[in-house]
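*Asks:*
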Amino acid sequence: MKDLHKPVYPGAFVYGAEENQSVAEVIENQSPFRYYGPAVQGKVSAFEKEATQFLGSKYGLAVSSGTAALMVALRALGVGPGDEVIIPSVTFIACAGSVVSCNAVPIFCDVDDSLNIDPEALERCITPRTKVIMVVHFQGSSADMDRIMDIAKRHKLKVIEDSAQSFAAAYKGKYVGTIGDIGTFSLQLNKTITAGEGGLVVTNDEHLYKRMIMAHDQGNIRDASGHVVVDPTCPGFYGENYRMNELTGAVALMQLRKVSDIVEKMQNNARKIIAGLNEIPNLSWRKNYDEAGCSYVSLAIYLPTAEDTIEAVKKCKERKVPGTRLYQGLPTYAYPFVLNKLTAHSSGCPFTCPYYKGTPEYRMGMCPKAEDLISRALFIQVSPLLTNEDIDYIVKNLKEIIR
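Below, the structure is given as structure tokens:
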């Protein structure tokens with residue numbers, strides 16, 4: 004039996020002649036930089052155009068990583084010293100790191116049974132210093148966007164949708180990432196489609212889009228030939244280099260054209276696994292706000308205790324079936340450098356910045372539901388390549404492991 008416990012890389016699993024040919028075109032034309040060269044193939048521009056058409060957003064900007072996408076989004080919204088950004092307590096560390104890199108303070112919010120940000124807890128996290136709510140659509144499943152957008156509107160806050168783990172997932176007929184003010188996506192290896200690294204930022208706001216461009220390209224404005232121009236009428240601001248190159252764009256473009264097929268296969272496979280495991284009485288599944296729109300990067304079952312989950316993971320590995328914990332079963336703030344507010348410098352900023360008037364406290368126990376659920380969650384990765392035989396094997400063994 005093949006080892007189904009190994010990590011799943013949905014996009015990379017379907018690499019083929021299309022990606023090879025697309026990359027070869029860039030190499031053959033000696034033009035790996037997106038803005039100019041001997042014969043630029045326009046791979047990055049084509050990826051941006053097709054991605055925005057697919058998602059249904061007006062503007063899209065390709066960047067170098069999912070973290071870069073978050074940085075660009077935060078810069079575009081003007082996040083800086085003195086500001087707070089609310090983030091979920093179960094997510095990848097880049098959410099907190101990008102906020103701190105903008106000299107703002109991340110505020111960790113508890114999650115609900117979906118492992119996404121809890122709207123009730125969210126409202127309690129808002130202070131006069133709050134500038135942005137960063138929603139994370141976790142593992143292919145959307146957050147409760149109706150309630151979150153209502154809260155944001157009432158408090159006049161901006162919303163970033165971090166959709167890194169949920170490309171092509173939807174909420175009530177709209178793709179995640181297109182509901183808030185800015186949506187961000189990742190093309191890292193673990194994601195639904197991948198170019199190894201890479202990211203995408205989308206918005207429907209032209210003003211934010213122009214700021215996104217400057218934020219990702221050293222504050223620059225370029226002419227039609229791709230060269231930098233100095234425009235006295237547009238002062239701009241300092242930016243960084245988060246540009247996507249043509250080699251990455253070449254792969255991203257071909258992967259984008261495969262995403263619907265990838266997600267459809269993961270959805271079909273996930274539903275078969277769910278149907279099989281639902282024969283187990285009183286199984287505690289992770290909550291899903293839109294089952295039809297979920298991309299099913301993984302399934303999650305809450306076992307009675309953290310010890311049960313640790314033991315289940317061991318048995319899954321022995322039997323070569325998917326079953327793992329994420330983030331070692333810990334909330335994002337469990338990192339020692341988060342708890343101790345450590346940055347690369349010793350100034351204490353942004354936490355002791357004179358512009359910041361808050362007193363954030365990071366400690367274990369501050370988001371009890373997150374700590375409980377992530378410790379007990381058994382994640383079942385769903386590959387688009389699973390056969391019916393694979394699914395039968397997975398269901399049979401998981402029934403024996405988690406009964």
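Using this note's numbering, you'd call the opening residue of the sequence shown number 4 and step up by one each time.
Using N, Cα and C, we set each Cβ at its ideal position, and we do this for glycine too.
Here the structure is a predicted model, which means the values were calculated and not measured.
At which residue ranges does the region 174–221 contain complete beta strand (DSSP E) runs of 3 or more residues, listed in the order of the chain?
*Replies:* 185–189, 202–206
*Asks:* Would you mind listing the alpha helix (DSSP H) stretches within the region 35–122 that are 4+ residues and don't spill past its ends, in chain order?
*Replies:* 46–58, 69–79, 97–104
*Asks:* Taking buried to mean at least 16 other C-beta atoms within 10 Å of its own C-beta, is ASN119 buried or exposed?
*Replies:* buried
*Asks:* Could you tell me whether the region 178–186 touches the region 149–168, where touching means 3 or more Cβ pairs closer than 8 Å?
*Replies:* yes
*Asks:* Rounded to whole angstroms, what is the Cα-Cα separation between ASP220 and TYR241?
*Replies:* The straight-line gap separating the alpha-carbon atoms of ASP220 and TYR241 is approximately 9 Å.
*Asks:* Mapping the DSSP letters down to three states, classify SER378 as helix, strand or coil.
*Replies:* In the displayed model, SER378 falls within a helix according to three-state DSSP.
*Asks:* Just checking my contact of ARG225 with VAL232 at CB under 8 Å: how many whole Å lie between their CB atoms?
*Replies:* About 7 Å separates the two Cβ atoms, so the contact holds.
*Asks:* What would DSSP say about ALA27, mapped onto helix, strand or coil?
*Replies:* helix
*Asks:* Terminal residues of the continuous beta strand (DSSP E) containing ASP165?
*Replies:* Taken as a continuous stretch (DSSP letters only), the beta strand (DSSP E) holding ASP165 covers 161–165.
*Asks:* Are three or more beta carbon pairs between the region 203–212 and the region 33–48 nearer than 8 Å?
*Replies:* no
*Asks:* Please go through the region 319–355 and give each complete alpha helix (DSSP H) segment of 4 or more residues, from N-terminal end onward.
*Replies:* 339–342
*Asks:* Look up VAL232 in the DSSP assignment and say whether it is helix, strand or coil.
*Replies:* strand
*Asks:* Mapping DSSP to helix, strand and coil, what is ARG150?
*Replies:* helix
*Asks:* Out of ASN244, HIS8, LEU259, LEU192, which has the shortest C-alpha to C-alpha gap to ASN223?
*Replies:* ASN244
*Asks:* Suppose contacts are defined by Cβ-Cβ distances below 8 Å. Is ALA172 in contact with GLY143 by that definition?
*Replies:* Their beta carbons are under 8 Å apart, which means ALA172 touches GLY143 by this criterion.
*Asks:* Counting C-beta neighbours from all protein chains within 10 Å, is the total for TYR292 16 or more, i.e. buried, or is it exposed?
*Replies:* buried
*Asks:* Residues in the same chain with beta-carbon distance under 8 Å from ASP6, minus the five sequence neighbours each way, listed in chain order, please.
*Replies:* Correct list, in chain order: LYS323.
*Asks:* Report yes if the C-beta distance between ARG289 and ASP115 is below 8 Å; otherwise report no.
*Replies:* Between ARG289 and ASP115, the gap from beta carbon to beta carbon reaches 8 Å or more.
*Asks:* Are there 16 or more other CB atoms within 10 angstroms of the CB of GLN384, so buried, or fewer, so exposed?
*Replies:* buried
*Asks:* Locate the beta strand (DSSP E) running through ILE136, then write down its first and last residues.
*Replies:* 133–139
*Asks:* Leaving out five residues on either side along the sequence, give the residues of the same chain with a beta carbon under 7 Å from the beta carbon of TYR358.
*Replies:* PRO84, GLY85
*Asks:* Round the Cβ separation of GLY332 and LEU381 to the nearest angstrom and send it over; I've been treating them as touching at under 8 Å.
*Replies:* In fact, because the Cβ distance is near 10 Å, the residues do not count as touching under 8 Å.
*Asks:* Return helix, strand or coil for ILE283, following the three-state DSSP convention.
*Replies:* coil
*Asks:* Please classify ALA253: does DSSP put it in a helix, a strand, or coil?
*Replies:* helix
*Asks:* Who pairs with GLN168 in a beta bridge, going by DSSP?
*Replies:* According to DSSP, which records beta bridges pairwise, GLN168 is partnered with nothing at all.
*Asks:* Examine the Cβ distances between the region 187–201 and the region 124–135 and report whether three or more of them are shorter than 8 Å.
*Replies:* Touching, no, given that fewer than three Cβ pairs across the two stretches are closer than 8 Å.
*Asks:* Could you give the distance in angstroms between the alpha-carbon of MET269 and the alpha-carbon of PHE95?
*Replies:* 22 Å
*Asks:* Run through the DSSP bridge pairs and tell me what ASN448 is partnered with.
*Replies:* Residue 448 lies beyond the stretch modelled for the chain, which goes from 4 to 406, so this question has no answer here.
*Asks:* Within 10 angstroms of its Cβ, does GLU249 collect 16 or more other Cβ (buried), or is it exposed?
*Replies:* buried
*Asks:* State the Cα-Cα distance for the pair ASN343 and TYR365, rounded to the nearest angstrom.
*Replies:* Cα to Cα, ASN343 sits roughly 8 Å from TYR365.
*Asks:* Alpha helix (DSSP H) containing ILE405: first to last residue?
*Replies:* 391–405
*Asks:* Is it true that the CB of VAL300 sits closer than 8 Å to the CB of THR195?
*Replies:* yes
*Asks:* Over what stretch of residues does the beta strand (DSSP E) that includes ALA303 continue unbroken?
*Replies:* 301–305
*Asks:* Going by Cα to Cα distance, which pick from VAL43, GLY63, VAL93, TYR18 is closest to PHE111?
*Replies:* Ranked by how close their Cα comes to the Cα of PHE111, the residues VAL43, GLY63, VAL93, TYR18 have VAL93 in first place.
*Asks:* Helix, strand or coil for ALA33 per DSSP?
*Replies:* Here the sequence assigns Gln to residue 33, which means Ala is not the residue at that position. Coil, per DSSP.
*Asks:* What is the DSSP secondary structure of ILE129, reduced to helix, strand or coil?
*Replies:* coil
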